[in-house]
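Numbering-wise, this note's numbering puts 1416 at position 92 of the first sequence, and it's gapless, one number per residue.
By construction, the Cβ of each residue, glycine as well, lies at the ideal position given by its N, Cα and C atoms.
These figures come from a predicted structure and were not determined experimentally.
The next block holds one structure in the form of structure tokens; read it before the comments.
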Amino acid sequence: MSTAIRKFQEKIFAFYRRQGRDLPWRRTTDPYRILVSEIMLQQTQVERVIPFYERWLERWDSVDALAGASLQEVLEQWMGLGYNNRAMRLLETAKRITADYAGDVLAACREYRNLPGVGEYTSRAVRIFAANENLAAVDTNIRRILMAEFSLQNPSTADLRQLAERCLPIGRSRDWHNALMDYGALHLTAAKSGISPVSRQGKFAGSVRQLRAEILRELLQKGQLPCQYFEGDERFPAALRGLLREGLCRREDNMLFIPK
DNA sequence: ATCCAGATGA
DNA sequence: TCATCAGGAT
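This is the structure we're talking about:
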């Protein structure tokens, strides 16, 4: 273990002792609850997730309970959090964990490719925060911190993962990752660091996207939005966006009419 | 417009 | 690799 890495660890832990956040999902090691938090936190700020997280667990307090929910219920509960496909995938993942892993979230996460919506980062995060496993996870915060700390310009995913593993204090994985998150979110923010995140902005981000969101939210609130893609077309979202943009989609009686 | 504890399909 | 994802706040 190099001196540079040791000093890096001490800096991060020192910050954490002073300014570490007390967040709802840090008060539990229940893998199900950690999973719910991680899915909700994908591309979504902590402050916005908190009320949704609390409400969600009030309704479904176990993976088995969630697995028994309907898609309609799940989408209603998710409404307002954004990127709703996460909710659909979380429901499907809960069903698979219940059916194929006897409800063992941790075991399922070790084979995360069977779980829709759970990728490299999320699977590791669950294992780290729920079981303190000695793994390194790299999210947008940690990526930014590593780039700044080690003066990296354009690191590959593999480089970052390898570096993150070398920095991991064995036996303190959970605290270490919590500390990194806080350092990245509160101290070395994206704006302050000048390091841009990986995720790109689609070409069509903006007003069209918001219009789509408004219409969909209204329909779902009134219970008039089918909880499946229109006409069974899995490309509905992209299709709707394009149609709205071209003015080819019309609304009548709170329903969308999409020409085929 | 950018960013946000990303994942997915092409 | 890249845009897209039934977003939303700043």
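Which one of the options has the shortest CA to CA distance from residue i?
i: F1337; options: G1518, E1378, T1513 and W1500; result: W1500
i: G1508; options: R1330, R1341 and R1467; result: R1467
i: R1451; options: A1431, K1516, P1348 and R1383; result: A1431
i: L1504; options: Q1333, I1329 and A1515; result: Q1333
i: D1354; options: S1394, R1345, R1383 and N1456; result: N1456
i: L1347; options: N1438, S1517, E1378 and Y1425; result: E1378
i: R1342; options: L1510, S1517, S1520 and V1522; result: L1510
i: G1392; options: S1517, I1469 and R1420; result: R1420
i: G1443; options: A1472, R1410 and N1465; result: R1410
i: S1326; options: S1517, K1516, A1514 and R1490; result: R1490
i: A1389; options: A1426, R1350 and K1516; result: A1426
i: A1454; options: R1437, T1352, K1516 and K1331; result: T1352
i: E1362; options: A1514, S1447, I1519 and A1482; result: S1447
i: A1514; options: L1484, S1480, I1469 and Y1407; result: I1469
Cα separation between residue i and residue j?
i: I1358; j: L1399; result: 20 Å
i: L1405; j: F1376; result: 7 Å
i: L1459; j: A1488; result: 9 Å
i: L1492; j: V1370; result: 23 Å
i: P1521; j: F1474; result: 16 Å
i: Q1477; j: T1422; result: 43 Å
i: A1328; j: G1344; result: 23 Å
According to DSSP, is residue i helix, strand or coil?
i: S1497; result: helix
i: L1492; result: coil
i: A1460; result: coil
i: N1408; result: coil
i: M1471; result: helix
i: S1361; result: helix
i: G1508; result: helix
i: R1349; result: Looking at the sequence provided, one finds Trp at residue 1349 rather than Arg. DSSP places W1349 in helix when its eight states are reduced to three.
i: D1385; result: coil
i: I1519; result: coil
i: E1558; result: Note that E1558 scores 47 on pLDDT, short of 50, meaning its location in the model is unreliable; the coordinates nonetheless yield the value given after this. Looking at E1558 - three-state DSSP - the assignment turns out to be coil, as it is neither helix nor strand.
i: A1391; result: helix
i: E1435; result: coil
i: Q1552; result: For Q1552, the predicted structure reports a pLDDT of 47, less than 50, and the residue's modelled location is therefore unreliable. A value from the coordinates is still provided. DSSP places Q1552 in coil when its eight states are reduced to three.
Can you list, in chain order, the residues of its chain with a C-beta nearer than 6 Å to that of residue i? Leave out the 5 residues immediately preceding and following it.
i: V1373; result: M1364 and L1365
i: Y1445; result: A1461 and D1463
Skipping 5 residues on each side, what residues in its chain have a beta carbon closer than 8 Å to that of residue i?
i: L1381; result: R1357 and V1360
i: Y1340; result: D1499, N1502, A1503, D1506 and Y1507
i: Q1486; result: none
Closer than 7 Å by C-beta to residue i: which residues in its own chain qualify, once you throw out the five before and the five after it? Chain order, please.
i: P1440; result: R1413, E1416 and T1417
i: R1383; result: Q1401
i: S1497; result: I1452, N1456, E1457, N1458 and L1459
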